[in-house]
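Asker: Per this note's numbering, residue 27 is the first one in the sequence shown, and the count goes up by one each step. For each residue, glycine too, the CB sits at the ideal point set by N, CA and C. Treat the numbers as computed from the prediction; the structure is a model and nothing was measured.
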Amino acid sequence: EEPPGAAPVDFLRELPSCQSVRRRRGGTQERRPALLGTATAARAPQPERGEMADRPAREHPECMAEKRRIRDFQQADMEYLPKWKKWRTTSNKSLKKALDEVKGLSSYLVLWRRDIHSIEGKFGAGIQSYFSFLRFLVLLNFILFILMFSFVTLPIIVSEYGIFNSTVAYISPKNIEDICTVYEPSGNKGLVYFYTYLNDLLSGTGFLEVTSLFYGYYTVDAVWISIMRYNLPLAYLLTTFAYLALSFLWITKRSAEGFKHNLVHDADPFQSYCNKVFAGWDFCITDPNAARLKHRSLLYELQTDLQEEKLKQKIAERTTKEKLRICSLRIFINIIVIAILSGCFYSIYRITVFSQENSNVSIRNDTRTDVNLLVQYLPSMVITLANFLAPLIFSFLIKFEDYTPAFEIKLTLMRCVFVRLANIVVLLFSLWSQISDCGADKCKPCGYNYKLYPCWESDVGQEMYKLMIFDFIVILAVPLFVDFPRKLLVTLCSWKLIQQFGHQEFEISDNVLQIIYGQTICWIGTFFSPLLPAIATIKYFIIFYIKKMVLIYTRKPAARPIRASSSNFFFLVVLLIGLLLAFIPLGVSIARIPSSKACGPFMNFNTSWEVIPDKILQFPTGLQQVLFGMASEAFAVPFFVILCIIMVYVVALARAHKRVVEQLREQLVMESRDKMFLIRKIAEAQRH
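In C-alpha cells, the structure reads:
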C-alpha cells in the first residue's frame, strides 16, 4: 500500500530537481523518483530514544511545539531508565548547567567588556573589531611578561633575597681574552640632575642599563634552590622559543576561524550579494547616527561591487594596446615604489650608523645630554617619518594603476605593512653591520666590535626600547596636538573649508598597522630586553583609552568600513606576518652573531644557540644519539617526504570536501526550485 505522504511517480518526475538529475545522468535514473516520496518521509524528524535522552530539547533544530514534545518524551523516558544511567544523566545535566553558569559569570570578568559592547552599539562591529584586537594584544603581552618574568627574572630575584635557601652562581669567564670582558655601564654616580634621569628613562641608559630590564643584567650561570640547580642560560633560550611558539599558536588558532568564514563568504559572488541584501544589517547598532552610517556603508558596498563588475567587464574588453599601456604604467609605478623603499632603507641605514657612532662619542666626551638624546633618537624619528610619508605616496600612486577598488585597498595595505616591518629589520641589520664591523682587526679577539659594543645585546635592547617609547610618544602626541585642536577649530569655526577638512575619519587599518608595528618591536626586543612585554602591556592598556576618547570626541567612523569578520582575519594575518618577520633577526642573533663576552648568560658560549648542544652532551649516550639523529639529514629527508605525503592527502581531502559543498549548494538551489514548482502546482489546482 502506498504511504499517505508519497506522491505519484509521474508528478515527481516533473520536479526541476528530478529533471536536472535526468539531464545530468543521461536519463538512466528512472527508479530514483519513485523512491523520493518514501525517502522524504524517511527524512522526517524521528528522533531515537537514545538521541533524545542524550541531547537537550533546546539543542534540537525544531519549533517550540516540537521541542516541548521532545522534552515531555525525555522526562517520561527517564522513568524507565536504570538507576545508574538515571543518576549519570542527571549528574551530566547538573554539571553542564553549573559549567554554563560559571561561563556566564566569567564573561563579566572579561577585560573592557562593557566598553567594547558600548563601542559596538554606537559605531558598529567593524570598529569594535579593532578594540577587540587591542584587547587581544594586551592579554598576549601580559602572558609573555608572566612567562619571561617567571622563568628568567624571578629566579634571580629569589636568589638575591635568599628565599627558599637559594643562592646565585655568577658566570666566570673561561678561555676569554681579558679585553673582551671589559664592560662599564654608564650608571649614574654622585650628584645627578633630574633631566639626567629623564634622559635615562627615555633612552634606556644610565640607571636603567644595569637593571633587569636589559640583557646585561642576567650574567648568571645558575641559581641554586636548596639542592636543585636551575640552568639560567638554558632557561633564557628556551623561554625565548616558548614565547615565540605561544604567540604563533595563539594567533594561528584565532586566524583559522576567520579564514573559514572568509573562505565560505568569498566562495560565491552571488552569495555575497545575498548576504549584503538580506543579512548585511548590524543589529548591535543602537545609535541613530551609527544606523545612518551603516545605511551608507551598505550602499557603498553594493556600489563598489557593481563598480567592480563593470571594471571586470571593461578589463575583459581591453585591446592589446591598452593592456600594454597599463602594464607599462604599472611597471613604472612599481619601479617608483621600489625606489621609495630603497630610499627609506638607505636613510635608516645611514642614520643608524651616524647615531651609533656619535652617541658613543658623546657619552665618552660627556657632551650635552639633550644633544646626545636627540642623536640617539634619530633612527626612531626617521623610521616614524618613513612610516608616515610612504603610505601617503602609495595611496596617491595606486590611483594610476587601474586596479579594482578592493585590490587597491589590499595592495596599498600590503605595501604599508612591508615598509613598516621592513624598516625594523633594516635598523637591526644596520646595527649588526656595526657590531660585526671587523675592519682593521677591530673584533679579532672577541668576534665582534667589542670597543663600541662591549655588551651588544643590551645596545640592541635599548634601540628596541627607544622605538617602543617613541612610538608611544607619537600616539600620545597626535590626539593631544592634532585631533583635539582640530575638533575644537571645527566646533568654533563655521568656514566651509575648515568644516570640510576638519572632520577626520577613524581609519581602522592605519590604527591596526600602528599597533602591529609596536608588537613586532616587542617580539624582537624581548630577547634583548626580557621585561619589554610588561612595557607593551601598559602601553596598549593606555592606548585603548586614548583611542576610545579619540573615537568618541574627535573622529567619525569611516564612510567605507570593512566587515568585522574580514577585518579580524586581516588583522591576525598581518600580525602573523610581523611574527614571522621577527623570527629572522632573532634567528640571526641567536645562531650567527657571537654572543657578548662581557655580559649576559651566554658569556662562555660562542653563540647563544650553543647552550643547547652543550646541554645535550650531558645526557646519556643513547639519548644523545637519538637527539643528534633527529637533527641529521637521515631523519630530516624522510620526515620531509612524510610531510609532503600528508600535505597531498590533506589537499585531496579538501578538494573532495569542496566538491561535496558544491553538490550540497546545488541541492539547496534545486530544493528551492522544487518548492516554487509545488507552489505553482497548488495554485493551479486551486484555480481549477
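1. Count the C-beta pairs between the segment 626-633 and the segment 257-275 that are closer than 8 Å, then say yes if the count reaches three, no if not.
2. Would you tell me roughly how many angstroms separate the C-alpha atoms of Arg280 and Leu598, rounded to the nearest one?
3. From the DSSP secondary-structure annotation, give me the bridge partner or partners of Trp250.
4. Helix, strand or coil: which one does DSSP assign to Arg581?
5. Taking the alpha-carbon positions, what's the Phe177 to Gly242 distance?
6. Measure the C-alpha to C-alpha separation of Ser229 and Val194 and round it to an integer number of angstroms.
7. Taking only runs of the alpha helix (DSSP H) that begin and end inside the segment 127-210, which ones reach a length of at least 4 residues, in chain order?
8. For Asn398, count the other beta carbons within 10 Å of its own beta carbon; 16 or more makes it buried, fewer makes it exposed. Which is it?
9. Locate the alpha helix (DSSP H) running through Gln650, then write down its first and last residues.
10. Counting only the same chain and skipping the five closest in sequence on each side, list residues whose C-beta sits under 6 Å from that of Phe371.
11. CA-CA distance, Arg75 and Phe267?
12. So Glu4 is in the beta strand (DSSP E); what residue range does that whole segment cover?
13. Quick check on Phe666: does DSSP put it in helix, strand or coil?
14. Distance, Cα to Cα, Lys338 vs Gly551?
15. Exposed or buried, Gly655, counting other C-beta atoms within 10 Å across all chains shown (16 or more means buried)?
16. Which full runs of the beta strand (DSSP E) of 3+ residues lie inside the segment 329-391, going along the chain?
17. Assign Arg706 to one of three DSSP states: helix, strand, or coil.
18. According to the Cβ coordinates, are Phe157 and Ile142 closer than 8 Å?
19. Starting from Gln530 and walking both ways along the beta strand (DSSP E), at which residues does that stretch end?
20. Does the distance from the C-beta atom of Met494 to that of Ala562 stay below 8 Å?
21. With a floor of 3 residues, list each beta strand (DSSP E) that falls wholly inside the segment 426-511, ordered by position along the chain.
22. Output needed for Ser456: all residues of its chain with C-beta closer than 7 Å, excluding positions within five of it in sequence on either side, in chain order.
23. Going by beta carbon distance, what residues of the same chain come within less than 8 Å of Lys320, once the five residues before and after it are set aside?
24. Of all the CB atoms in chain B, is at least one closer than 8 Å to the CB of Gly230?
25. Please list the terminal residues of the continuous alpha helix (DSSP H) segment that includes Asp640.
26. Quick check on Leu224: does DSSP put it in helix, strand or coil?
27. For Leu350, count the other beta carbons within 10 Å of its own beta carbon; 16 or more makes it buried, fewer makes it exposed. Which is it?
28. Based on Cα-Cα distance, which residue from Gln530, Phe496, Val637, Leu423 lies nearest to Leu510?
29. Give the C-beta separation of Glu427 and Arg318 to the nearest angstrom, bearing in mind that I take them to be a contact with Cβ-Cβ under 8 Å.
30. Alpha carbon to alpha carbon, what distance is there between Trp521 and Lys513?
31. Measure the C-alpha to C-alpha separation of Leu163 and Val443 and round it to an integer number of angstroms.
32. Got a sec, what are the start and stop residues for the alpha helix (DSSP H) Phe422 sits in?
33. For a test of the three-state rule: what should DSSP assign to Met629, helix, strand or coil?
34. Given this structure, state the Cα-to-Cα distance separating Pro471 from Phe422, to the nearest angstrom.
35. Excluding the five sequence neighbours on either side, which residues of its own chain have a C-beta within less than 8 Å of the C-beta of Gln650, listed in chain order?
36. Under the three-state reduction of DSSP, which class applies to Asp308: helix, strand or coil?
Answerer: Looking at the atomic coordinates:
1. Cβ pair count under 8 Å is three or more, so yes.
2. Numbered from its first residue, the sequence shown carries residue 280 at position 254. Numbered from its first residue, the sequence shown carries residue 598 at position 572. Taking the straight line from one Cα to the other gives about 8 Å.
3. Residue 250 sits at position 224 when you count from the first residue of the sequence shown. Note: Trp250 sits in a beta bridge opposite Thr193, Arg255.
4. Taking the first residue of the sequence shown as position 1, residue 581 is located at position 555. Correct three-state label for Arg581: strand.
5. If you number the sequence shown from 1, residue 177 lands on position 151. If you number the sequence shown from 1, residue 242 lands on position 216. Taking the straight line from one Cα to the other gives about 17 Å.
6. One-based indexing of the sequence shown puts residue 229 at position 203. One-based indexing of the sequence shown puts residue 194 at position 168. Cα-Cα distance, rounded: 30 Å.
7. Segments of the alpha helix (DSSP H) lying fully in the segment 127-210: 139-149, 151-174, 180-186.
8. Residue 398 sits at position 372 when you count from the first residue of the sequence shown. Asn398 should be labelled buried.
9. If you number the sequence shown from 1, residue 650 lands on position 624. Its alpha helix (DSSP H) spans residues 647-656.
10. Taking the sequence shown and counting its residues from 1, one reaches residue 371 at position 345. Once the five neighbours on either side are set aside, the close Cβ partners of Phe371 are Val452.
11. Within the sequence shown, residue 75 is the residue found at index 49, counting from 1. Within the sequence shown, residue 267 is the residue found at index 241, counting from 1. Here Arg75 scores only 44 on pLDDT, less than 50, and its place in the model should not be relied on; the value that follows carries that caveat. If you take the alpha carbons of Arg75 and Phe267, they lie about 51 Å apart.
12. For residue 4 there is no data in the structure shown, the boundaries of the chain being 27 and 714.
13. Numbered from its first residue, the sequence shown carries residue 666 at position 640. Residue state, collapsed to three classes: helix.
14. Residue numbering aside, residue 338 sits at position 312 when the sequence shown is read from its first letter. Residue numbering aside, residue 551 sits at position 525 when the sequence shown is read from its first letter. The C-alpha of Lys338 lies about 45 Å from the C-alpha of Gly551.
15. As a working note, residue 655 is residue 629 in the sequence shown. Gly655 is classed as exposed because its beta carbon has fewer than 16 other beta carbons within 10 Å across all chains shown.
16. none
17. By 1-based counting over the sequence shown, the position of residue 706 is 680. Three-state result, Arg706: helix.
18. Position 131 of the sequence shown, counted from the start, is the residue given in the question as residue 157. Position 116 of the sequence shown, counted from the start, is the residue given in the question as residue 142. In contact: Phe157 and Ile142 (Cβ atoms closer than 8 Å).
19. Counting from 1 along the sequence shown, the entry for residue 530 is found at position 504. Its beta strand (DSSP E) spans residues 530-532.
20. Here residue 494 is taken as the residue at index 468 of the sequence shown, counted from 1. Here residue 562 is taken as the residue at index 536 of the sequence shown, counted from 1. By the CB criterion at 8 Å, Met494 and Ala562 fall inside the cutoff.
21. Taking only runs of at least 3 residues, no beta strand (DSSP E) segment lies wholly in the segment 426-511.
22. Indexing the sequence shown from 1 puts residue 456 at position 430. Hits under 7 Å: Ile374, Tyr375, Thr378, Val379.
23. Counted from its first residue, the sequence shown places residue 320 at position 294. Correct list, in chain order: Gly150, Trp307, Asp308, Ile311.
24. No chain B appears in the structure shown, which is made up of a single protein chain.
25. Within the sequence shown, numbered from 1, the residue matching residue 640 stands at position 614. Unbroken alpha helix (DSSP H) run through Asp640: 637-642.
26. As a working note, residue 224 is residue 198 in the sequence shown. Three-state DSSP puts Leu224 in a helix.
27. Translated into the one-based positions of the sequence shown, residue 350 becomes position 324. Exposed, since its Cβ has fewer than 16 Cβ neighbours within 10 Å.
28. Looking up residue 510 in the sequence shown gives position 484. It should be pointed out that residue 510 corresponds to Phe in this sequence rather than to Leu. For Phe510, the nearest C-alpha among the options comes from Gln530.
29. By one-based count along the sequence shown, residue 427 stands at place 401. By one-based count along the sequence shown, residue 318 stands at place 292. At roughly 33 Å, the Cβ-Cβ gap does not stay under 8 Å, so Glu427 and Arg318 are not in contact.
30. Within the sequence shown, the letter at position 487 stands for residue 513. Within the sequence shown, the letter at position 495 stands for residue 521. Distance between the alpha carbons of Lys513 and Trp521 is about 13 Å.
31. Position 137 of the sequence shown holds residue 163. Position 417 of the sequence shown holds residue 443. If I take the Cα positions, the gap works out to 18 Å.
32. Numbered from its first residue, the sequence shown carries residue 422 at position 396. Its alpha helix (DSSP H) spans residues 404-423.
33. Position 603 of the sequence shown, counted from the start, is the residue given in the question as residue 629. The answer is coil: DSSP assigns Met629 none of H, G, I, E or B.
34. Sequence index remark: in the sequence shown, residue 471 carries index 445 (1-based). Sequence index remark: in the sequence shown, residue 422 carries index 396 (1-based). The alpha-carbon atoms of Pro471 and Phe422 are separated by roughly 52 Å.
35. On the sequence shown, position 624 is the one that residue 650 refers to. If we look at Gln650 and ignore the five residues flanking it on each side, its Cβ neighbours are Ile642, Leu643.
36. In the sequence shown, residue 308 corresponds to position 282, counting from 1. Three-state DSSP puts Asp308 in coil, outside helix and strand.
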